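K.L.:
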Amino acid sequence: QYLENRLKYLATEKKEGKNPYPHKFSVTLSIEQYINEYGRLNNGQHLDGVSVSLAGRIMEKRAFAKLVFYDLHGGGFKVQVMASV
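Just so you know, we're using my numbering here: the sequence shown kicks off at 68 and counts up by one.
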């Protein structure tokens, strides 16, 4: 079923003139800007409705139960990303 859904998605994207495999994506903040803007948040604090796009190199990935942690490096800065699976 996954393959079938994926093929439908690719066909729709191509039909709409979109590239389903873009070579780049829009970055909204550098890692330094992200740290400066959101570094004031307390551990566990969330901002609803806020979405940012960061670019960098994933230097480490750790998985614990249903959580995955990524260390994202770029421009001499590092941020840890936590994602729930």
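Glycine included, C-beta positions come from ideal geometry on N, C-alpha and C.
This structure is a prediction, so every number in the text was calculated from the model and none was measured.
By the DSSP assignment, the alpha helix (DSSP H) with A78 in it spans what residues?
P.N.:
For the purposes of this step, residue 78 is identified with residue 11 of the sequence shown, where counting begins at 1. Where A78 is concerned, the enclosing alpha helix (DSSP H) stretches over Y69 to K82.
K.L.:
Starting from Y101, trace the alpha helix (DSSP H) in both directions and tell me its first and last residue.
P.N.:
The sequence position of residue 101 within the sequence shown is 34, counting from 1. Run containing Y101: I98 to Y105, per the alpha helix (DSSP H) assignment.
K.L.:
Going by beta-carbon coordinates alone, are L114 and I125 separated by less than 8 Å?
P.N.:
Residue 114 sits at position 47 when you count from the first residue of the sequence shown. Residue 125 sits at position 58 when you count from the first residue of the sequence shown. No, they are not a contact pair.
K.L.:
Taking 8 Å as the cut-off, decide whether the C-beta atoms of V135 and Y101 are in contact.
P.N.:
Within the sequence shown, numbered from 1, the residue matching residue 135 stands at position 68. Within the sequence shown, numbered from 1, the residue matching residue 101 stands at position 34. Cβ distance not < 8 Å, so V135 and Y101 don't count as in contact.
K.L.:
Three-state secondary structure (DSSP) at D138?
P.N.:
Your numbering for residue 138 matches position 71 in the sequence shown. Strand at D138.
K.L.:
How many Å lie between F131 and K85 at the Cα?
P.N.:
As a working mapping, residue 131 is identified with position 64 in the sequence shown. As a working mapping, residue 85 is identified with position 18 in the sequence shown. About 36 Å.
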